[in-house]
Every structure is written in structure tokens, then in C-alpha cells.
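The listed protein sequences derive, respectively, from chains A and B. Each residue of the first sequence is one higher than the one before, starting from 1 at the first, in my numbering. Each residue of the second sequence is one higher than the one before, starting from 239 at the first, in my numbering. Reviewing the structure listed below.
2 protein chains.
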Amino acid sequence: MKKYEEIYTDIKGKIINGDYTATEQLPFEKDLCEAYNTSKMTVKRALDLLVDEGLIIKRRGSGTFVKDLSQKEIQRITNSAQLDGFTANHSNNGHKVTSKILAFEVIQADDIVQDKLNLKPGSFVYNIHRVRCVDGKPAIIEKTAIPIERAPGLERKHLEASLYDYIKDELGLTIQSAHRRITVKKADEDEARHLEVDVNDPIGVTEQITYLDTGDTIEFGVTKHRADSFVSETIVNN
Amino acid sequence: MKKYEEIYTDIKGKIINGDYTATEQLPFEKDLCEAYNTSKMTVKRALDLLVDEGLIIKRRGSGTFVKDLSQKEIQRITNSAQLDGFTANHSNNGHKVTSKILAFEVIQADDIVQDKLNLKPGSFVYNIHRVRCVDGKPAIIEKTAIPIERAPGLERKHLEASLYDYIKDELGLTIQSAHRRITVKKADEDEARHLEVDVNDPIGVTEQITYLDTGDTIEFGVTKHRADSFVSETIVNN
DNA sequence: AAGTGGTCTAGACCACATT
DNA sequence: ATGTGGTCTAGACCACTTC
């Protein structure tokens, strides 16, 4: 493990278990350098990770402090996993994820998909339309477009399990990032039927463009969530 | 301006105006060091900002590349402002923001507010309840709790303009970060009346804890958005 | 084997806050 | 004046990709 990760993990642990409490001042960087027997840049990097994560703040001239976080807020920050995909996200919590496949076809990308995936006009994509269930209850409707040349050999059986696993394990590709956009709408008849809610019930919509570590787009997805299972959490630093 | 910011700004500009196009390889860090007459760590830092922002990706052993972004996606990334508050966010776009104050009082924090702001039991907070309008049309309902001891002298007139301006300019405090949570709900009668929508119409809800650069909480706010004016965009890196 | 980005160092100097 | 964190350097060595 990298040195800055060790320091990061160690200090984070001390915040979680209460060795460092809310608003408490951490040791100075100088002292942390001695304690961990390392250089200033490395300590700074470890602390910056904690700043990004929302656990601490730094003030030039004064020092470094734990944020004024409630215990619940610390838990929330600690348990967040962002880029794992629907299957992993829920099965890690002991739930069973299943998929009902409504459509699986190869079509020409429409204007929106073409733009989002930055494809040439007339490009073909897999068009996948699934209802994802958690413990047998429908949770989301997912429409996914994947450029055919980036996922050759995609089959129906992959859709019943995890698309992300197929991309990672079978294609050997690495997902690097996702650009997300969240909106809200009323359920239309289709959505209501599939999600087992009433027409006009509120729905959380996540649009997502997913990028590989090559910089190429791999997926454009629109996900429609039942209101009762939709939450999105982020931390914004200045 | 800091050197890494200059390099960051320069390269970002070249991506925006098309000097570097989608999927194109950037010069090697070594060459950028020469070009900008600086050291490796500084170039690396500039590039890492672009990675965080979602514009480029780096691959050890291979090089640095512009992501496969559509022109629209580049615009979206470039125009995002996160921590500015409602007033600034909309008036910068040439719109007029007004506020209707529904409540302004000092009360004891309830359990939720107390937890979110990490206050001691029995603490007092300003309780502010406003409808915010853009160009005369209601856009959001905002309930805000502010610990009284952190914002002494808050008056009604500050609420008609921007609360953030008051915090920044008159109290001389600096906002450092915000922890956000987005959910979805049906409009109840109150919400429908204030937002001028129908009962049970969908509503986007943003809960936000705002922190100062001291690490202290300054605000807990719950914001209810009309569906037609609600969007939230984020970039998730691995 | 050569070249890429990633980590880490030991230290200089700077900007800012406190005393 | 002292001490904090922030920036930057010049270079060593490492992990990984490509040839």
C-alpha cells in the first residue's frame, strides 16, 4: 500500500472511532511527518484526501481540524461507494438483484445517444432495456446504450447478471469515471407498470455517461428510480 | 496566480476551443515541464485538476488523453458552479431572483436539525422559510436552520436578498463545503400552493449541510424544487 | 529496453494567522 | 516574530505499457 494511503487510512480510522472528535485539531503536518517518518508532500496528500472526502478542513496559519460532523454524517461519508453499478451496490448489502429484460437489440444511435456517446452519425449501439429488482421488488428501469464496437459479443445472459462485471471481467476494460445528471419527472403508464407505482407518481431520473480509462465512452444510461428507493449523496468542496 | 493554476487554465482553454480534440493525446508530462518551465509535480497537479473535472484521463505507461467528450458535454463541465447559492447561480445568468419570506423566527432545534448541525440539545437556531422566485415565478421552497451564535444580527432584510452574501460579506465567514443529499417526493398541499404546481406533482428535494472553513456547521437547508427547474450534475472518478 | 505516469524525498520559499 | 499550511523544485526510484 502507498504511504499516503496508509496515513490517510490511519487518520480516517481515528476520526471514525473517535480518537479525533468533531472540531478537534489534528497534529501539525510537521509532527505528522515525524510520526509517520515521511515528507511533507506525502502527509499533505493524505490530508487532502480527507478534505476531499469531507472529513477535515485545513486553515493556513492555524492548523488542521476535524469538521463539525455528527456521528451519522461520519457514517454516511464512510459508507459511500460511487462507481460500483447497481448490482454490486445492492448485493454487497445482502440483497438479491434480478433483472427483467424488456429489450435487447442493435440499433442506430438516435441523436441524443449519438451526442452523449460522441459517436459518428449512423453508428450502431446495443440498446438494452431492463427492469432491475431488489429482493424481487422492482426498483429501477434502466435504458442503456453501448457502442457495439466497444463490447463485441455481448449476450443476453450478461444482462441477467451485471453489465459492469461483463465490461470489467470478460472484456478486460476499466471504468474510469461517470458524468451524471439527476432530474425528476412524473411516471408515465409504462414506468408506473414496471415500477409498480401509480401513474404520475414521482420518479428520480439519473442520466449517466460512463468513460473507460482509455477516455472512450462505454455507456450512456438513463435510470428511472422509484421515489422510495432513490437517494444521491455528494460532497462539494470550494 | 499559482503556476499549477496557470497550466491548468491554459490546457483547459485548449480543450475548450478545440486545440486538443476528443480522444487526442496531450504532450507528455516531461514535455509540459519544459514548455511551462516547471517541475514534474507542478505539471502533475495541473493535470490532476483536469482529471477531477472530468476533461482528461491519464494512463501510466501510455500518456494523457482528452476524454471522448461531445461538445455539449464540454460546455456542461465548463459552466458548472457548485457552491454559489441560489441567488448567485441564477442572477449570473441574467435572471432576477426574489424571495417571499414565510417564516423568520428563533426556535429550539428539533432532533433532526440538532443532529445535522451537530448542536447540543436545546440549542437555538434561526428558522427561515422562504419561497425563492426566478423572474417572478416560484422555483423553490427553502427551509434553512442557522445556529444563532454563528450568525448574530441576522435580519429580515438579509433574507430578501442573499443569505450567502450576508454570511460572506457581513459576517466575514468563508464557506468551505457542503454535504448534499437528493431525494424525490410528491408535492403536498403547501408545497403545491407555493410552487404553483398540482398536489402530488413530483418535487426534487435537496438536503444540505454547509460548513465554514473553520470546520463548523453554518447551515442546514432543505430545498424543494419544481420538477421543471431541477437538475443536479456531478462527476464521479474512480 | 525504453519511455510513460506515480510516488516520495529534503528542502526552499511564500501567504496567512496568531501572539 | 513565530509558526501554520501552500507552492514549487530537482531528482530518485517505482509500476506499468509499449516496442
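Even glycine gets a Cβ: it sits at the ideal position worked out from N, Cα and C.
Spatial neighbours of residue i within its chain, please: CB distance less than 7 angstroms, with the 5 preceding and 5 following residues excluded, ordered by chain position.
i, result
"residue 250(B)", "288 and 293"
"residue 283(B)", "242"
"residue 159(A)", "99, 101, 104, 128 and 130"
"residue 216(A)", "150"
"residue 360(B)", "346"
"residue 246(A)", "As shown, chain A starts at 1 and ends at 238. That puts residue 246(A) outside it, with no answer to give."
"residue 153(A)", "none"
"residue 244(B)", "none"
"residue 113(A)", "125, 145 and 220"
"residue 394(B)", "339 and 342"
Does chain B have any CB closer than 9 angstroms to the CB of residue i?
i, result
"residue 117(A)", "yes"
"residue 152(A)", "no"
"residue 41(A)", "yes"
"residue 203(A)", "yes"
"residue 194(A)", "no"
"residue 216(A)", "yes"
"residue 9(A)", "no"
Note down, in chain order, each residue of its chain lying with its Cβ closer than 6 angstroms to the Cβ of residue i, except the 5 sequence neighbours on either side.
i, result
"residue 42(A)", "3 and 4"
"residue 86(A)", "132"
"residue 381(B)", "367 and 460"
"residue 116(A)", "209 and 220"
"residue 96(A)", "135"
"residue 262(B)", "304"
"residue 91(A)", "97"
"residue 419(B)", "445"
Tell me whether the beta-carbon of residue i lies closer than 9 angstroms to the beta-carbon of residue j.
i, j, result
"residue 179(A)", "residue 311(B)", "yes"
"residue 207(A)", "residue 231(A)", "no"
"residue 379(B)", "residue 429(B)", "yes"
"residue 106(A)", "residue 125(A)", "yes"
"residue 411(B)", "residue 450(B)", "yes"
"residue 38(A)", "residue 442(B)", "no"
"residue 66(A)", "residue 21(A)", "yes"
"residue 436(B)", "residue 425(B)", "yes"
"residue 438(B)", "residue 200(A)", "yes"
Take residue i and list the residues in its own chain whose beta-carbon comes closer than 8 angstroms to its own, dropping the five residues that flank it on each side.
i, result
"residue 35(A)", "27"
"residue 278(B)", "267, 268 and 271"
"residue 83(A)", "175, 177 and 178"
"residue 235(A)", "52, 53, 54 and 77"
"residue 356(B)", "455"
"residue 239(A)", "Because chain A here runs from 1 to 238, residue 239(A) falls outside it and cannot be looked at."
"residue 166(A)", "151, 154 and 158"
"residue 252(B)", "258"
Rounded C-beta distance between residue i and residue j? I'm assuming under 8 angstroms.
i, j, result
"residue 58(A)", "residue 69(A)", "So it is not a contact: roughly 15 angstroms between Cβ atoms."
"residue 383(B)", "residue 458(B)", "5 angstroms"
"residue 318(B)", "residue 370(B)", "That belief does not hold up - the Cβ atoms of residue 318(B) and residue 370(B) are roughly 20 angstroms apart, past 8 angstroms."
"residue 16(A)", "residue 53(A)", "At roughly 11 angstroms, the Cβ-Cβ gap does not stay under 8 angstroms, so residue 16(A) and residue 53(A) are not in contact."
"residue 423(B)", "residue 202(A)", "6 angstroms"
"residue 467(B)", "residue 326(B)", "Their Cβ separation, rounded to whole angstroms, is 16 angstroms, which puts residue 467(B) and residue 326(B) out of contact at 8 angstroms."
If we define contact as Cβ-Cβ less than 9 angstroms, is residue i a contact residue for chain A?
i, result
"residue 399(B)", "no"
"residue 362(B)", "no"
"residue 475(B)", "yes"
"residue 449(B)", "yes"
"residue 468(B)", "yes"
"residue 460(B)", "no"
"residue 471(B)", "yes"
"residue 438(B)", "yes"
"residue 273(B)", "no"
"residue 261(B)", "yes"
"residue 463(B)", "yes"
Residues of the region 40 to 60 of chain A with Cβ closer than 9 angstroms to any Cβ of chain B, in chain order: Of all residues in the region 40 to 60 of chain A, 41, 51, 52, 54, 56, 57, 58 and 59 have a Cβ within less than 9 angstroms of some Cβ in chain B.
Near-chain B residues of the region 64 to 81 of chain A (beta-carbon distance less than 7 angstroms), N- to C-terminal order: 65, 66, 67, 68, 69, 70, 72 and 73
Contacting positions in the region 77 to 109 of chain A - beta carbon closer than 7 angstroms to chain B: Of all residues in the region 77 to 109 of chain A, 82 and 83 have a Cβ within less than 7 angstroms of some Cβ in chain B.
Residues in the region 398 to 425 of chain B having any Cβ partner in chain A nearer than 9 angstroms: For the region 398 to 425 of chain B, residues whose beta-carbon sits nearer than 9 angstroms to a beta-carbon of chain A comprise 412, 413, 414, 415, 416, 417, 418, 419, 420, 421, 422, 423, 424 and 425.
Chain B contacts from the region 120 to 150 of chain A (Cβ-Cβ distance under 8 angstroms): Listed by position along the chain: nothing, the set is empty.
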